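Just below is one structure, and these are the notes that go with it.
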Amino acid sequence: MYDTLIAVSEGLSEQQKVLGGAVGILVGTVLIAVMTFGSVSSLAGKVLFGFVGVLFAVTGTLLLGTSEQREQTV
17 MYDTLIAVSE
27 GLSEQQKVLG
37 GAVGILVGTV
47 LIAVMTFGSV
57 SSLAGKVLFG
67 FVGVLFAVTG
77 TLLLGTSEQR
87 EQTV
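Quick look at the structure:
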């Protein structure tokens with residue numbers, strides 16, 4: 017699985033990494049906000065929103081971190 021992730025990361029252009037990273041962080045933040053402030057009443061729903069939100073945020077951060085344009089402000 018690790019090799020697959022490396023192959024996917026190397027296959028993306030720098031612009032795709034920056035844009036995908038920014039979108040990933042944004043989507044993750046929105047999902048965590050929905051979990052916190054939304055009307056999700058079940059514990060399972062909150063855990064699901066939180067887990068997926070963190071997954072998106074971490075993936076977005078990794079995409080931005082592996083791009084060559086690290087100093088670019090998004």
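In this note's numbering, the protein residues as written are 17 to 90. The beta-carbon is built from N, C-alpha and C at its ideal position, and this holds for glycine as well. Model, not experiment: these values are computed from the prediction.
Taking C-beta to C-beta, are residue i and residue j nearer than 8 angstroms?
i: residue 47; j: residue 68; result: yes
Can you list, in chain order, the residues of its chain with a C-beta nearer than 7 angstroms to that of residue i? Leave out the 5 residues immediately preceding and following it.
i: residue 82; result: 25 and 33
i: residue 43; result: 72
Our contact map puts residue i next to residue j with C-beta atoms below 8 angstroms; I'd like the distance itself, whole angstroms only.
i: residue 56; j: residue 62; result: 5 angstroms
i: residue 39; j: residue 76; result: 7 angstroms
i: residue 79; j: residue 37; result: 3 angstroms
Considering only residues of the same chain and omitting the five flanking positions on each side of residue i, which have a CB-CB separation below 8 angstroms?
i: residue 45; result: 69 and 73
So which of the options has the shortest CA-CA distance to residue i?
i: residue 66; options: 76, 78 and 52; result: 52
Can you name, in chain order, every residue of its own chain whose Cβ lies under 6 angstroms from the Cβ of residue i, other than the five neighbours on each side?
i: residue 84; result: 30
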